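Colleague: Protein chains in written order, with the working numbering: chain A, 759 to 983; chain B, 16 to 346.
#1: Buried or exposed, going by whether 16 or more other CB atoms sit within 10 Å of the CB of residue 938 of chain A?
#2: Would you call the segment 309-320 of chain B and the segment 210-228 of chain B touching, i.e. three or more CB-CB distances under 8 Å?
#3: Taking Cβ positions, are residue 755 of chain A and residue 824 of chain A nearer each other than 8 Å?
#4: Rounded to the nearest angstrom, how far is the Cβ of residue 272 of chain B from that of residue 62 of chain B, given a contact under 8 Å?
#5: Listed from N- to C-terminal order along the chain, which residues in the segment 852-880 of chain A have their beta-carbon within a distance smaller than 8 Å of any beta-carbon of chain B?
#6: Starting from residue 15 of chain B, trace the alpha helix (DSSP H) in both directions and tell me its first and last residue.
#7: Pull up the CB-CB distance for residue 143 of chain B and residue 168 of chain B, whole angstroms please, since I reckon it's below 8 Å.
#8: Are any of the Cβ atoms in chain B nearer than 8 Å to that of residue 836 of chain A?
#9: Please compile the residues from chain B whose C-beta is within a distance smaller than 7 Å of the C-beta of residue 849 of chain A.
#10: Distance, Cα to Cα, residue 797 of chain A vs residue 951 of chain A?
#11: Quick one: what does DSSP say residue 764 of chain A is sitting in, helix, strand or coil?
#12: Express the C-alpha separation of residue 224 of chain B and residue 764 of chain A in angstroms, rounding to a whole number.
#13: Kindly list the residues whose CB is nearer than 8 Å to the CB of residue 737 of chain A, restricted to its own chain and excluding five residues on each side of it in sequence; keep chain order.
#14: For residue 232 of chain B, I'd like the list of residues in its chain whose CB is within less than 8 Å of its CB, leaving aside the five on either flank, ordered along the chain.
#15: Going by alpha carbons, who is nearest to residue 909 of chain A out of A:855, A:959 and A:890?
#16: Who are the near neighbours of residue 776 of chain A in its chain, counting only those whose CB is closer than 7 Å to its CB and skipping five residues on each side?
#17: For residue 135 of chain B and residue 178 of chain B, I'd like the C-alpha separation in whole angstroms.
#18: Between the segment 264-282 of chain B and chain A, which residues of the former have a C-beta closer than 8 Å to a C-beta of the latter?
#19: Say whether chain A places a C-beta atom closer than 8 Å to the C-beta of residue 244 of chain B.
#20: Nearest to residue 327 of chain B by alpha carbon, out of B:280, B:208, B:230 and B:132?
#21: Out of curiosity, what's the CA-to-CA distance linking residue 879 of chain A and residue 893 of chain A?
#22: For the beta strand (DSSP E) holding residue 779 of chain A, just list the boundary residues, first then last.
#23: Reducing DSSP to helix, strand and coil, say where residue 38 of chain B ends up.
#24: Quick check on this structure: which residue in B:205, B:66 and B:228 has the alpha carbon closest to the alpha carbon of residue 97 of chain B?
#25: Using the three-state DSSP reduction, which class does residue 43 of chain B fall into: helix, strand or coil?
#26: Going along the chain, which unbroken runs of the alpha helix (DSSP H) with 4 or more residues stay wholly within the segment 937-970 of chain A?
#27: Could you check whether the Cβ of residue 824 of chain A sits closer than 8 Å to any Cβ belonging to chain B?
#28: Using three-state DSSP, classify residue 792 of chain A as helix, strand or coil.
#29: Enumerated in chain order, which unbroken segments of the alpha helix (DSSP H) with a length of 4 residues or greater are wholly contained in the segment 855-930 of chain A?
#30: So if DSSP puts residue 199 of chain B in a beta bridge, which residue, or which two residues, is it bridged to?
#31: Please identify the residue among A:866, A:904 and A:813 whose C-alpha is closest to the C-alpha of residue 51 of chain B.
#32: For the beta strand (DSSP E) that contains residue 139 of chain B, what are its first and last residues?
#33: Quick check: residue 151 of chain B and residue 171 of chain B, are their CB atoms within less than 8 Å of each other?
Structural data, given as structure tokens:
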């Protein structure tokens, strides 16, 4: 599903955000990426979302070579992704239902199916019945849940989440993680960047540990490092 | 929420495993109906955006309308002047005045000679008495005619030229006939009018081109500002898989809407000008004893104006949105 092959990313200021990064993630796998601030978690997410391009190496997602993906294929690739942003990236002048519906509108989903899926996604993150509320009326945690609902509403093959539980209380964070686990069981591949080690430990999933842009550990539960 | 329930709901969100690989990709290629639905949504978004900034949108429409109105009004003027020329074209007859001193016998000879001139299709004779009767019927001339102690009007021959004859050449031949005092024809004046009309037509084309470009730039600027104001939204939509075409679409409809409404405003202005000058023009024509009335702007020209406005708006928006998106991407 995802293959990083000796990937490096150097920014214009000369700093290496990622170096010699190689790993593979299989379909339906749920993987955490962790590390200190500046370890390269966000850069890895940006590379997967095609916000940034690698300066070295190859990234292949489901047969899509991201280094050569251009034009309309970028949009088509992103439609297969469910992205959860650390800063939510919600449209303030739209209701949360409209925000969640965005990926479906982009793909031209019909209205009946759209309504059904949006309601289901909001129910899933515990925001059912609040469809018409604007994001500004919600707490940070609730906005994050809207972002998660938007990421899963189009049933993406790959969900990439950047600190999705950063603003959630432990109980809710755990519930959201269980939701990701459930989605992984249905075949979605999940990649979560998080620095919440307690949460990661509780989940007992594969963990990629980054430090200064390098992969220093690929921990698989039951197999050790 | 229990874990079991959560898993059940997650499964409900997902398709069966055997179609897992194809999921979402199917949605990436919308059917014709879905494509139409996307266009409807883009149009709705454009209209909503237009009404969200009513005052600004209205000012833009009026400015675009003014820019498009000038060539429309000029074109309308030229078309009506052309009708004046056309009316003159129908009056191709030459008026030949005989020498007032001729006696009846010389008049008959002169009339016969005129009928024999090459290029003359028909001759209609008017006696001095007929001329005086016509003069008396003209407003303001009755008293003047009464004051005359004798009829000073000459015999007149109204000459209808053959179709292929050049009027000025025929006039020269008629002037050479013995007993002819004066030959009056409108060719020179009409040629001058034709040249003026041609010049005005060119001016209209140039102005229409320049002001059309001006209107397009106005629309492009309005759309550029709109794109800049919605940068955040564009960035999010793009990250969620919105293609450039999808992102641009509401702006294109917005530009087309500006162009269409601007053209409608221009047509309204044209009608206002037409209604304002219609009566004065008719009154002016009446003083020349002419039954000339301004023709109303045609449905065809209005339709063309609306179409041109729409296309200009679409192109302006396409250029502005594309350049702004490229510029944002480069940033």
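Just so you know, even glycine gets a beta-carbon here, dropped at the ideal spot from N, CA and C. Please read these numbers as outputs of a predicted model, since none were measured by experiment.
Modeller: In terms of the structure at hand:
#1: Buried: at least 16 other Cβ atoms inside 10 Å.
#2: With a cut-off of 8 Å, the segment 210-228 of chain B and the segment 309-320 of chain B do not count as touching, because too few Cβ pairs lie within range.
#3: Since the first and last residues shown for chain A are 759 and 983, residue 755 of chain A lies out of range.
#4: The distance from the Cβ of residue 272 of chain B to that of residue 62 of chain B is about 7 Å, consistent with a contact at the 8 Å cut-off.
#5: From the segment 852-880 of chain A, only 860, 861, 862, 863, 864, 865, 866, 867, 868, 869, 875, 878 and 879 have a Cβ closer than 8 Å to chain B.
#6: Any property of residue 15 of chain B remains undetermined from this structure, which presents chain B solely from 16 to 346.
#7: For residue 143 of chain B against residue 168 of chain B, the beta-carbon gap comes to about 4 Å, under 8 Å, which counts as contact.
#8: Output row for residue 836 of chain A: interface = yes.
#9: By Cβ distance, chain B contributes 248 and 251.
#10: In a straight line, the C-alpha of residue 797 of chain A is about 11 Å away from that of residue 951 of chain A.
#11: Judged by DSSP in its simplified three-state form, residue 764 of chain A adopts strand.
#12: For residue 764 of chain A and residue 224 of chain B, the distance between alpha carbons rounds to 57 Å.
#13: Given a span of 759 to 983 for chain A in the structure shown, any question on residue 737 of chain A remains unanswerable.
#14: Residues of the same chain with a CB within less than 8 Å of the CB of residue 232 of chain B, apart from the 5 flanking positions on each side, are 331 in chain order.
#15: Comparing alpha-carbon positions, the option among A:855, A:959 and A:890 lying closest to residue 909 of chain A turns out to be A:855.
#16: If we look at residue 776 of chain A and ignore the five residues flanking it on each side, its Cβ neighbours are 765, 766, 767, 798, 801, 802 and 971.
#17: Here the C-alpha atom of residue 135 of chain B lies approximately 9 Å from the C-alpha atom of residue 178 of chain B.
#18: So nothing in the stretch comes that close.
#19: For residue 244 of chain B, the answer is no, since every Cβ of chain A falls outside 8 Å of its Cβ.
#20: Selected option, being the one with the closest Cα: B:230.
#21: So the two alpha carbons sit approximately 16 Å from each other.
#22: Run containing residue 779 of chain A: 774-783, per the beta strand (DSSP E) assignment.
#23: Any answer about residue 38 of chain B is weak, because its pLDDT of 44 lies below 50 and its placement is not dependable; what the coordinates show is given next. In this structure, residue 38 of chain B counts as coil in the three-state DSSP scheme.
#24: Of the residues B:205, B:66 and B:228, the one whose Cα lies closest to the Cα of residue 97 of chain B is B:205.
#25: Any answer about residue 43 of chain B is weak, because its pLDDT of 44 lies below 50 and its placement is not dependable; what the coordinates show is given next. DSSP places residue 43 of chain B in helix when its eight states are reduced to three.
#26: Those alpha helix (DSSP H) runs which fall completely within the segment 937-970 of chain A and span 4+ residues are 955-961.
#27: No - not a single Cβ of chain B is within 8 Å of the one on residue 824 of chain A.
#28: Secondary structure at residue 792 of chain A: strand, using DSSP grouped into helix, strand and coil.
#29: List check, alpha helix (DSSP H) in window: 869-882 and 898-910.
#30: B:110.
#31: Comparing alpha-carbon positions, the option among A:866, A:904 and A:813 lying closest to residue 51 of chain B turns out to be A:866.
#32: Unbroken beta strand (DSSP E) run through residue 139 of chain B: 135-141.
#33: Cβ atoms of residue 151 of chain B and residue 171 of chain B: not closer than 8 Å.
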